[in-house]
Amino acid sequence: MQIRSADLVTSASDLGGCPDWDRPEFALIGRSNVGKSSLINLLTGRNGLAKVSATPGKTRLMNFFLINQQWSLVDLPGYGFAKVAKEEAHAFNERSGDYIGRRACLRCVLVLIDSRHPPQRIDMDFIEWLSGTGVPFVIVFTKADKQSAGKTRANAAVFREHVAARIGVEPEILVSSAVSREGRGDVMKFIESRLAGNP
Ligand code: GDP
Numbered sequence: 531m532q533i534r535s536a537d538l539v540t541s542a543s544d545l546g547g548c549p550d551w552d553r554p555e556f557a558l559i560g561r562s563n564v565g566k567s568s569l570i571n572l573l574t575g576r577n578g579l580a581k582v583s584a585t586p587g588k589t590r591l592m593n594f595f596l597i598n599q600q601w602s603l604v605d606l607p608g609y610g611f612a613k614v615a616k617e618e619a620h621a622f623n624e625r626s627g628d629y630i631g632r633r634a635c636l637r638c639v640l641v642l643i644d645s646r647h648p649p650q651r652i653d654m655d656f657i658e659w660l661s662g663t664g665v666p667f668v669i670v671f672t673k674a675d676k677q678s679a680g681k682t683r684a685n686a687a688v689f690r691e692h693v694a695a696r697i698g699v700e701p702e703i704l705v706s707s708a709v710s711r712e713g714r715g716d717v718m719k720f721i722e723s724r725l726a727g728n729p
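The numbering of the sequence shown is my numbering, which starts it at 531 and goes up by one.
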């Protein structure tokens, strides 16, 4: 898919502030610093569209990017913010949770995971919750350039097993790197396929 346009349309603090449209939405979520902004910039080919390493204040909002005037990438507030109080971090989760649980045009959630780390409890808890909502999701391993392909494959296998143990199904895992651009095609193909209505 060629990206002809990619624009930040709105930043919403709650469901009521989300765009009044029925465009298919693909939401990205993950822990702070996982590489969410970098992936949005990689996919859209617009460096600086999503701010890389934005201050936590900015990342508390849901940012809606309209792509080719047709579909939307939604940058959701992450979970596990290191720099804010616990109660506040919980409130961020609720905001994203409300959106994921109730947004009619949400087509799929992309859960970003740092490919270098062993499975983390906060990610597993989130995936278990997400699976319970019935909203389709895919895992995107980020920062694959930081280690060998073999290590990434091994970590993906361990991650798949952990998720399967929690929810009874092995998740699909896509691998990406904003530095080497590896995986951009795979993620775009995945999105195209979902836009075409494939499960
Ligand atoms: P966010 O907080 O999830 O939006 O993460 P950012 O996109 O701001 O990235 C956090 C940090 O990780 C920044 O210093 C990025 O340059 C770096 N980063 C993000 N993606 C990659 C990647 O694929 N490879 C490498 N080597 N660094 C990355």
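A virtual CB, placed ideally from N, CA and C, is assigned to each residue, including glycine.
Item                                                                                                            : Value
Any 3 or more C-beta pairs closer than 8 Å across the segment 540–548 and the segment 622–633                   : yes
Cβ pair count under 8 Å reaching 3, the segment 556–576 against the segment 638–654                             : yes
Unbroken alpha helix (DSSP H) run spanning residue 533, endpoints                                               : No alpha helix (DSSP H) holds residue 533; DSSP gives it neither H nor E.
Cβ-based neighbour list, residue 717, same chain, cut-off 7 Å, excluding 5 preceding and 5 following            : 573, 670, 704 and 706
C-alpha distance - residue 604 paired with residue 719, whole-angstrom precision                                : 18 Å
Length of the line joining the Cα atoms of residue 752 and residue 712                                          : This structure does not reach residue 752, given that the chain is present from 531 up to 729, and the question cannot be answered.
Those runs of the alpha helix (DSSP H) which lie wholly inside the segment 617–703 and span at least 4 residues : 651–663 and 679–697
Proximity test, residue 678 beta-carbon vs the ligand GDP heavy atom, cut-off 7 Å                               : no
Simplified DSSP state of residue 717, which is helix, strand or coil                                            : helix
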